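A.B. asks: Going by the numbering used here, the sequence shown opens with residue -12, and the numbers climb by one from there. Glycine residues also receive a C-beta, built at the ideal position from the N, C-alpha and C atoms. None of the values given here were measured: they were computed from a predicted structure.
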Amino acid sequence: MTDYKKLALYYLKAGKRRCIVTIVGVMITVAVLYTALNFGYSYVLQKRQEVRKEADYEIVFLSEDTDRLAQIAADDRVLQAYSGAYTGEEYVSDEERFVEVNYKNALYVNIRHPYQMESVMEAMKADYGVDARLNNELAVLYLQDSDGLLGVVLILVLLVAYIFAIFAVGMIRNTVQMFTLEQVKDYGILRCIGATKGQLNRVIYRMGAGMELTGIAAGVLLGTIISVILGFSKDVNVGFHIGPAIPILIAYLGDLYFVMQECSKLVTKISPVSAVRGEYRIKKEKIKVRGNGLMGRLFGVEGAYARKSVLRNSGRFAKTVTAMMLSITAIIICLSIESMVHDTKKNINDMYGRYLEENQSPASIFNDVEWIQSEDLPSAEEIKENSLHYYVTETKMVYSARGNLVDPETYYGKFNKDYAEQTSLGSYIEAMMQRWRERNTKEYSEKDDVEYEKAVDSLNSSFISIEGCDQNDLDYLSEFIESGTAELDDDGILVIGGGSVMDYSWTGDEKLTLYDLGKHFDTYDLQVGDTIRLVDYREYKKRYQAAYDKMMADSILVSPEVDTGDTYISEERATKEGRSTWREQYVIAERIRQELIEEGYYRTYTVQGVLDFGDQLLPEWADIYMKRDSYFDLTGFDEQDMTGVKYAIDLDSVPISYFDMLSSDLTDVLYGYAYARNVMRYALAFAAFVFILSSVNIINTTAGNLHMRRKELAQLRVLGMSRKRLIHTVMLEGVMATALSNILGFLFGTIFTIYIYEYLSMLLYIKPTIAWWAFGVGFAASALVICGSIYVSLRDLPVDIVDDLKLEE
-12 MTDYKKLALY
-2 YLKAGKRRCI
8 VTIVGVMITV
18 AVLYTALNFG
28 YSYVLQKRQE
38 VRKEADYEIV
48 FLSEDTDRLA
58 QIAADDRVLQ
68 AYSGAYTGEE
78 YVSDEERFVE
88 VNYKNALYVN
98 IRHPYQMESV
108 MEAMKADYGV
118 DARLNNELAV
128 LYLQDSDGLL
138 GVVLILVLLV
148 AYIFAIFAVG
158 MIRNTVQMFT
168 LEQVKDYGIL
178 RCIGATKGQL
188 NRVIYRMGAG
198 MELTGIAAGV
208 LLGTIISVIL
218 GFSKDVNVGF
228 HIGPAIPILI
238 AYLGDLYFVM
248 QECSKLVTKI
258 SPVSAVRGEY
268 RIKKEKIKVR
278 GNGLMGRLFG
288 VEGAYARKSV
298 LRNSGRFAKT
308 VTAMMLSITA
318 IIICLSIESM
328 VHDTKKNIND
338 MYGRYLEENQ
348 SPASIFNDVE
358 WIQSEDLPSA
368 EEIKENSLHY
378 YVTETKMVYS
388 ARGNLVDPET
398 YYGKFNKDYA
408 EQTSLGSYIE
418 AMMQRWRERN
428 TKEYSEKDDV
438 EYEKAVDSLN
448 SSFISIEGCD
458 QNDLDYLSEF
468 IESGTAELDD
478 DGILVIGGGS
488 VMDYSWTGDE
498 KLTLYDLGKH
508 FDTYDLQVGD
518 TIRLVDYREY
528 KKRYQAAYDK
538 MMADSILVSP
548 EVDTGDTYIS
558 EERATKEGRS
568 TWREQYVIAE
578 RIRQELIEEG
588 YYRTYTVQGV
598 LDFGDQLLPE
608 WADIYMKRDS
618 YFDLTGFDEQ
628 DMTGVKYAID
638 LDSVPISYFD
648 MLSSDLTDVL
658 YGYAYARNVM
668 RYALAFAAFV
678 FILSSVNIIN
688 TTAGNLHMRR
698 KELAQLRVLG
708 MSRKRLIHTV
718 MLEGVMATAL
728 SNILGFLFGT
738 IFTIYIYEYL
748 SMLLYIKPTI
758 AWWAFGVGFA
768 ASALVICGSI
778 YVSLRDLPVD
788 IVDDLKLEE
């Protein structure tokens, strides 16, 4: 017999279960790698088509010499050409600026080898003496640049493929090595009857190549299916491409060749006679006297033997523990971070409430509703379009205005001292009230406009934000009632007695996280039954508007409007007495407010409920809440006079691109959450990938190792150990591996989680969280893999395992 090709297939069929497990492991690595490469390649192809729809050229040649351009168009390197005008920019180094360049008859060309467009362009520029430009947007998609990006990208792709190949070929190495050790006598017999080392090498290589090629084919098929599904969800046209499979084949088959050479040495380095006798090389070591250890104390003779067996095969035990430890570490880290990210959603809802996006600007006597709706708010069509987004769960119209207090002391006079001293807003309000209280005793300089200064201080201290609520709003606010009720009468109001503040002024501790910066304060010492008087907004607005129109009609022009495109300066007007109109409007407003108070044009409202928002941040645009009908009655507005809109958003489905449209303080937080949420999906997939590969490796190694220990196990049976005790003894080896890998995995997982938290806490509102339940997941998974693989392998051993000794005779 001189042809041993079928021998490899015979050995693979004999170890069918082990081969299937190995092929599955290779398939998983290839599927993950091919999915990424195929999706990326398909995305690049689609982007190329989109770019060509806008500008279908690779190189544009710039010259006014039409004859020379005609020669370029006839060049063999050009596939397609057309002429047209070109407008672009060119950097002038002497002037250190870009200047516009224009060509009426530029030549746009596509070449036969677009992956060489840069080198072809340079060659043709030298050949024809003309200037040229690449279509940079398209050139990038063909990996064209002057910095060697093509080489870097190819190296990175091959490097990533080689890393995956290490995992896959490592599993094949273990499997083939086990096959080789099991069949070493067969190889010795073949050597004795004339088989050469080269022939045996080819048998071993065919075994590895057979499993690898099968795994690659299955992985490419699975990867194609996954990438097509992924492309459908990401709106990318994905199909099967041979290109992404090439680096996989290079890395996997290349690495396999060298690994199989190593496996072949197990056979070719020993003599045929030694191989037939089963005397393959074993490392000699001194006999060591070992005690029973903890395992012996806990489990008796079985535990002591399991401990000695592990110490005798410490290298294999260390590999098993290390592989499973890495898996458990990844599981602990990913599940703990996932728990933190999941808690972030609750923390955001707790801190920001139901509506995470809002756009509003309260009406006032200075800003009417029509101006707000036209300048500050999105149009009705935009609001409707935003409401239809799949991640928007509710859209709410806002009705708010800045009213005026009759006596500021009835509201701001009951300010909480800690809130005033420890927050920026509190400090501002306290300073504002202090200026108002001292307005009549303060010493003014000759340059001061005293009437204007007093008017501004009085108006600022009287402003109070009012929001009109429908029943749905009141039901939501009832969750925060500290005292009283949210069931309001027509003259009833809700006031804010406390809430949290996101404020950097109250502490200088740089170690605080974003979550820690939310601090609760009591705001106003208002009680149920207190009364607050508000100036009649409707009458106030009517009188102010009339007075303002008269003032502007009587004013004189000081400086005209300037609009040069780059600079805009509004016109400046003043009263006949010389006071600017923007100052005079405040004087008029305060004078009318005082007149209305004296004439009794105000409304009295009773505090019927005090709110404490707890961990939720204090509202930015509301001081008091009243029924919407009461709001309409006070202001004279109706349902059409909305001053804002707010949206409830589902954080689990909102895309990252959504946050490009936002500009609030919450944007970075929401972006961080969405980004971390998406990253965690890949991190969990990676953890599962590592665990599956480790498990496949452990299952294969365990099965092969136990098969090689059949003689040892048979000897134990001869010495009187029952089959049940034998299984129990070997299972204790798995218990040791499981216990040690879990202890190390828990330790390293916790340490790395703490370090990752230090980074995440700068981006997200999170508390330091260790997912203790993840320990249970890691322990259960590792025990299932390690102990399960041992039990299954032992169960498959023949009942009359003692017969193995008879075969050796």
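How is the alpha helix (DSSP H) around residue 469 delimited, first residue to last?
C.D. replies: No alpha helix (DSSP H) contains residue 469, which is instead part of the beta strand (DSSP E) from 468 to 471.
A.B. asks: Residue 757 and residue 314: beta carbons closer than 8 Å?
C.D. replies: No, they are not a contact pair.
A.B. asks: Which of the three DSSP states, helix, strand or coil, is assigned to residue 45?
C.D. replies: Note: residue 45 maps to coil in three-state DSSP.
A.B. asks: Below 8 Å, can you find three or more Cβ-Cβ pairs linking the stretch 231 to 241 to the stretch 180 to 195?
C.D. replies: No: the two stretches stay apart, fewer than three of their Cβ pairs being nearer than 8 Å.
A.B. asks: For residue 356, which residues of its own chain have a beta-carbon under 7 Å away from its beta-carbon, when the five flanking residues on both sides are left out?
C.D. replies: Closer than 7 Å at Cβ, skipping near neighbours: 350, 624, 628, 630.
A.B. asks: Shortest alpha-carbon distance to residue 179 belongs to which of 213, 598, 533, 254?
C.D. replies: Residue 179 has its Cα closest to that of 254, out of 213, 598, 533, 254.
A.B. asks: Out of curiosity, what's the CA-to-CA distance linking residue 475 and residue 578?
C.D. replies: In a straight line, the C-alpha of residue 475 is about 33 Å away from that of residue 578.
A.B. asks: Enumerated in chain order, which unbroken segments of the alpha helix (DSSP H) with a length of 4 residues or greater are wholly contained in the stretch 546 to 618?
C.D. replies: Taking only runs of at least 4 residues, the alpha helix (DSSP H) segments lying wholly in the stretch 546 to 618 are 568 to 586.
A.B. asks: Among residues of its own chain, excluding the 5 on either side of residue 88, which ones have a beta-carbon nearer than 6 Å to its beta-carbon?
C.D. replies: Closer than 6 Å at the Cβ level, and outside the excluded window around residue 88, lie 75, 77.
A.B. asks: Expressed to the nearest angstrom, what Euclidean distance is found between the alpha-carbon atoms of residue 299 and residue 248?
C.D. replies: Those two C-alpha atoms are separated by around 27 Å.
A.B. asks: Report yes or no: do three or more beta-carbon pairs, one from the stretch 55 to 73 and one from the stretch -1 to 10, lie closer than 8 Å?
C.D. replies: Result no; under three Cβ-Cβ pairs closer than 8 Å.
A.B. asks: State the Cα-Cα distance for the pair residue 90 and residue 57, rounded to the nearest angstrom.
C.D. replies: Distance between the alpha carbons of residue 90 and residue 57 is about 15 Å.
A.B. asks: Just how far apart, CA to CA, sit residue -2 and residue 175?
C.D. replies: Straight-line Cα distance between these residues: approximately 15 Å.
A.B. asks: Which two residues bound the contiguous alpha helix (DSSP H) that contains residue 729?
C.D. replies: Looking at the DSSP string, the run of the alpha helix (DSSP H) that includes residue 729 is 710 to 747.
A.B. asks: Going by the beta-carbon positions, is the gap between residue 598 and residue 488 smaller than 8 Å?
C.D. replies: No, they are not a contact pair.
A.B. asks: Quick one: what does DSSP say residue 429 is sitting in, helix, strand or coil?
C.D. replies: Residue 429: coil per DSSP, three-state reduction.
A.B. asks: Determine the burial state of residue 690: buried for a count of at least 16 other Cβ atoms within 10 Å of its Cβ, exposed for fewer.
C.D. replies: Answer is buried; the Cβ neighbour count reaches 16.
A.B. asks: Going by C-alpha to C-alpha distance, which of 19, 111, 0 sits closest to residue 48?
C.D. replies: Residue 48 has its Cα closest to that of 111, out of 19, 111, 0.
A.B. asks: Using 8 Å as the threshold, is the C-beta distance between residue 519 and residue 398 below it?
C.D. replies: Result yes, Cβ atoms of residue 519 and residue 398 sit closer than 8 Å.
A.B. asks: With C-beta atoms as the reference, is residue 470 less than 8 Å away from residue 389?
C.D. replies: Not closer than 8 Å, so no.
A.B. asks: Rank 634, 410, 547, 771 by C-alpha distance to the C-alpha of residue 729 and give the top, closest one.
C.D. replies: That would be 771, whose Cα lies nearest to the Cα of residue 729.
A.B. asks: Three-state secondary structure (DSSP) at residue 474?
C.D. replies: Residue state, collapsed to three classes: coil.
A.B. asks: In terms of residues, what are the limits of the alpha helix (DSSP H) holding residue 329?
C.D. replies: Residues 301 to 339.
A.B. asks: Please determine, among 35, 332, 517, 483, the residue with the shortest C-alpha to C-alpha distance to residue 510.
C.D. replies: Ranking 35, 332, 517, 483 by Cα distance to residue 510 puts 483 first.
A.B. asks: Looking at residue 5: is its Cβ nearer than 8 Å to the Cβ of residue 687?
C.D. replies: Yes.
A.B. asks: Tell me the start and end of each unbroken alpha helix (DSSP H) in the stretch 365 to 440 that is at least 4 residues and wholly inside, in chain order.
C.D. replies: Those alpha helix (DSSP H) runs which fall completely within the stretch 365 to 440 and span 4+ residues are 367 to 374, 404 to 409, 411 to 424.
A.B. asks: Pull up the distance between the alpha-carbon of residue 466 and that of residue 594, whole angstroms please.
C.D. replies: Distance between the alpha carbons of residue 466 and residue 594 is about 17 Å.
A.B. asks: Note down the Cα distance separating residue 699 from residue 316, rounded to an integer number of angstroms.
C.D. replies: Taking the straight line from one Cα to the other gives about 34 Å.
A.B. asks: What residue does the beta strand (DSSP E) around residue 119 start on, and which one ends it?
C.D. replies: It spans 118 to 121 - the beta strand (DSSP E) in which residue 119 sits, taken as one unbroken run.
A.B. asks: My output table needs one value for residue 353: the three-state DSSP class, helix, strand or coil.
C.D. replies: Correct three-state label for residue 353: coil.
A.B. asks: Check whether the stretch 667 to 676 and the stretch 290 to 307 touch, using three or more Cβ-Cβ pairs below 8 Å as the test.
C.D. replies: Judged by Cβ distances under 8 Å, the stretch 667 to 676 makes no contact with the stretch 290 to 307, as fewer than three pairs qualify.
A.B. asks: Tell me the rounded alpha-carbon separation between residue 512 and residue 407.
C.D. replies: Straight-line Cα distance between these residues: approximately 12 Å.
A.B. asks: Rounded to a whole number of angstroms, what is the C-alpha to C-alpha distance between residue 222 and residue 212?
C.D. replies: For residue 222 and residue 212, the distance between alpha carbons rounds to 15 Å.
A.B. asks: Could you round the C-beta distance between residue 546 and residue 564 to whole angstroms and report it? I think they count as a contact, below 8 Å.
C.D. replies: So it is not a contact: roughly 18 Å between Cβ atoms.
A.B. asks: Taking the alpha-carbon positions, what's the residue 417 to residue 402 distance?
C.D. replies: Using only the alpha carbons, I get a separation of about 8 Å.
A.B. asks: State yes or no: is the C-beta of residue 197 within less than 8 Å of the C-beta of residue -5?
C.D. replies: Their beta carbons are under 8 Å apart, which means residue 197 touches residue -5 by this criterion.
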